[in-house]
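Peer 1: What follows is a structure written as structure tokens; I'll ask about it next.
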Amino acid sequence: MNPKNMDNMTQREKFQLLNSEVRSFYEYCKEVGMSDDDMDVICRPLMNAVRRATIKRWRNIFLICAVFVTFGYIVSQTDSFQWNAAAVARLTLIKLLPFWNWTPLYYNKCIVERLPVQNFDSEPVSTNDCIACEAIQNIARISKTDHNEVLNHHLLRGAPVVVNDAYHDWATGEYNFTGLVSNDDRLRESVPCRILTNIRIGKQPMDLQEIVSRITESNIPSWFIHFQNCDLRAVKTFRVLAPRPYFLSPEIPPSHFNWLLLSKNYDTQRFKYLEFDIGLIIMSQLKGKNYIQLKPRMPCENICSPIKIELQQSETLVLSNSLWEFEYMPGKGENLAMITETDWVES
Numbered sequence: 001m002n003p004k005n006m007d008n009m010t011q012r013e014k015f016q017l018l019n020s021e022v023r024s025f026y027e028y029c030k031e032v033g034m035s036d037d038d039m040d041v042i043c044r045p046l047m048n049a050v051r052r053a054t055i056k057r058w059r060n061i062f063l064i065c066a067v068f069v070t071f072g073y074i075v076s077q078t079d080s081f082q083w084n085a086a087a088v089a090r091l092t093l094i095k096l097l098p099f100w101n102w103t104p105l106y107y108n109k110c111i112v113e114r115l116p117v118q119n120f121d122s123e124p125v126s127t128n129d130c131i132a133c134e135a136i137q138n139i140a141r142i143s144k145t146d147h148n149e150v151l152n153h154h155l156l157r158g159a160p161v162v163v164n165d166a167y168h169d170w171a172t173g174e175y176n177f178t179g180l181v182s183n184d185d186r187l188r189e190s191v192p193c194r195i196l197t198n199i200r201i202g203k204q205p206m207d208l209q210e211i212v213s214r215i216t217e218s219n220i221p222s223w224f225i226h227f228q229n230c231d232l233r234a235v236k237t238f239r240v241l242a243p244r245p246y247f248l249s250p251e252i253p254p255s256h257f258n259w260l261l262l263s264k265n266y267d268t269q270r271f272k273y274l275e276f277d278i279g280l281i282i283m284s285q286l287k288g289k290n291y292i293q294l295k296p297r298m299p300c301e302n303i304c305s306p307i308k309i310e311l312q313q314s315e316t317l318v319l320s321n322s323l324w325e326f327e328y329m330p331g332k333g334e335n336l337a338m339i340t341e342t343d344w345v346e347s
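Mapping to the UniProt record's numbering: the sequence shown position 318 is 318, numbers consecutive.
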């Protein structure tokens, strides 16, 4: 091996030369009668050095990867990165629309549909369940209540109930929906899952910022809009409008979806249908009033009677909707209400 020529050799040539030298050394050891144990003793320092070099190399690779992962995680938590990543993702999805219509997936609550709890061969509600609602003709209005009264005296027998004093400050509180959205950058970009309005809809999908601009900048004298939030950020933010009622047990989980119902001078005689998941439904009338119609689900429509409720400001409607379909009609003037959906099984 000539050291003067080593600098001019490629990595492959160096490896081939080293391999040739090792083979020559091995053949020489065999010729002089050395055993495998003797060669193991001679080569042990070299093998240990190779092993330490390998461990050091992998340790350095691991440290470099750890540094990059840590740095990437820190950067990904910044508002600037998240905003730019969201912008790039939105532009990419828009570019994909001519080739793949992803909008049905966007509006679905889940990419993979949940299997219903009930037997596939049976109806969600049986005629035996209708016994719970056949004698319900009106809605009780209560105050200074607790979880036991709401649950055992009303919900467990299928009866909705109105609580008059869920929040004492509703009558004097200011609930500025447009201000709440306008002051939160990430909330403005949140896109509702379901929306219905008589206001002309612009871009699709319409985010909360677009909704606010339609409400504030249009000169429409009469309008209504309702929408469902399934974006976790929006769900959490809008909880400040109607915090958890005092009569709910801590064992009941927080709401997973919520709805906002807004209207101004919308004079109609037609009820608007809202489709909820089966569970605990709480409607908080923050401003004005709404008319509620609860219609028995099939096959109870001929056994139980529809119920109509006028929900006034500061009142809260609580129901388990396993037996009832929900419709509402805006009252005159300005109205604002929030509805929460919570996974809850009667037991």
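We put the beta carbon where it would ideally sit given N, CA and C, even for glycine.
Since we're looking at a predicted model, the values are computed, not measured.
In or out: CYS300 buried (at least 16 other Cβ within 10 Å) or exposed?
Peer 2: Buried: at least 16 other Cβ atoms inside 10 Å.
Peer 1: Please list, in chain order, all residues of the same chain as ARG114 whose beta carbon is under 8 Å from its beta carbon, the five residues on each side excluded.
Peer 2: Because the pLDDT at ARG114 is just 49, under 50, the model does not fix this residue reliably, and the value given afterwards should be weighed accordingly. Excluding positions up to five away in sequence, the list is empty.
Peer 1: Buried or exposed: where does residue 349 fall if 16 or more other Cβ atoms within 10 Å of its Cβ makes it buried?
Peer 2: Here the chain covers residues 1 to 347 and nothing more, so residue 349 does not appear.
Peer 1: From the DSSP output, in three-state form, read off ILE136 for me.
Peer 2: DSSP places ILE136 in coil when its eight states are reduced to three.
Peer 1: For ILE309 versus ILE94, is the C-beta distance shorter than 8 Å?
Peer 2: In this structure, ILE94 does not lie closer than 8 Å to ILE309 by Cβ.
Peer 1: Have a look at GLU174 and THR127 and give me their C-alpha separation to the nearest angstrom.
Peer 2: Low confidence applies to GLU174: its pLDDT is 49, below 50, so where it sits in the model is not reliable enough to give any reading.
Peer 1: Got a sec? Which residues, its chain only, sit under 6 Å from THR197 by beta carbon, not counting five neighbours each side?
Peer 2: Hits under 6 Å: ILE225.
Peer 1: Could you check where the alpha helix (DSSP H) with LYS236 kicks off and where it finishes?
Peer 2: Taken as a continuous stretch (DSSP letters only), the alpha helix (DSSP H) holding LYS236 covers 232-238.
Peer 1: For the beta strand (DSSP E) holding ILE339, just list the boundary residues, first then last.
Peer 2: Counting along the chain, the beta strand (DSSP E) containing ILE339 begins and ends at 334-342.
Peer 1: Would you report the Cα separation of PHE326 and SER213, rounded to the nearest angstrom?
Peer 2: Answer to the nearest angstrom: the Cα atoms are 29 Å apart.
Peer 1: Could you check if ASP38 is buried or exposed, using at least 16 other CB atoms within 10 Å of its CB as the buried criterion?
Peer 2: Under this definition ASP38 is an exposed residue.
Peer 1: Please classify PRO160: is it buried, with 16 or more other beta-carbons within 10 angstroms of its beta-carbon, or exposed?
Peer 2: So PRO160 ends up on the buried side.
Peer 1: By DSSP's criteria, GLN312 is part of a beta bridge. Which residues make up the other side?
Peer 2: DSSP, once it has assigned bridges, lists LYS289 as partnering GLN312.
Peer 1: Among the candidates LEU286, HIS256, TYR273 and SER249, whose CA atom is the shortest distance from the CA of ASP343?
Peer 2: Nearest C-alpha to ASP343: HIS256.
Peer 1: Taking the straight line between their C-alpha atoms, what separation do you get for LEU260 and LEU336?
Peer 2: LEU260 and LEU336: Cα-Cα distance of roughly 7 Å.
Peer 1: Are the CB atoms of LYS289 and LEU317 within a distance shorter than 8 Å?
Peer 2: No, the Cβ-Cβ distance between LEU317 and LYS289 is not below 8 Å.
Peer 1: Any idea if residue 352 is buried or exposed, counting beta-carbon neighbours within 10 angstroms, 16 or more meaning buried?
Peer 2: Nothing can be reported for residue 352: it is not among the residues displayed for the chain, which extend from 1 to 347.
Peer 1: Give me the residue from GLU134, TYR266 and ARG186 with the minimum Cα distance to CYS304.
Peer 2: The residue with the shortest Cα to Cα distance from CYS304 is GLU134.
Peer 1: Using a Cβ-Cβ cutoff of less than 7 Å, which residues in the same chain neighbour PHE120 once the five nearest sequence positions on both sides are dropped?
Peer 2: Per-residue confidence for PHE120 stands at a pLDDT of 38, beneath the threshold of 50, marking its modelled position as unreliable; the derived number appears in the next sentence. There are no such residues.
Peer 1: Given a cut-off of 8 Å on the beta-carbon distance, is the pair ILE307 and LEU294 in contact?
Peer 2: Yes. Within cutoff.
Peer 1: Hey, ALA234 and SER284 are a contact pair by Cβ (cut 8 Å); roughly how many whole angstroms apart?
Peer 2: Wrong, their Cβ atoms sit about 16 Å apart, outside the cutoff.
Peer 1: Going by beta-carbon coordinates alone, are GLU341 and ASN258 separated by less than 8 Å?
Peer 2: Yes, the Cβ-Cβ distance between GLU341 and ASN258 is below 8 Å.
Peer 1: Is the beta carbon of ASP231 closer than 8 Å to that of SER190?
Peer 2: Their beta carbons are under 8 Å apart, which means SER190 touches ASP231 by this criterion.
Peer 1: Reducing DSSP to helix, strand and coil, say where residue 436 ends up.
Peer 2: Because the chain here runs from 1 to 347, residue 436 falls outside it and cannot be looked at.
Peer 1: Going by DSSP, what residue range makes up the alpha helix (DSSP H) through residue 348?
Peer 2: What the structure shows of the chain is the stretch from 1 to 347, and residue 348 is not part of that stretch, so it cannot be assessed.
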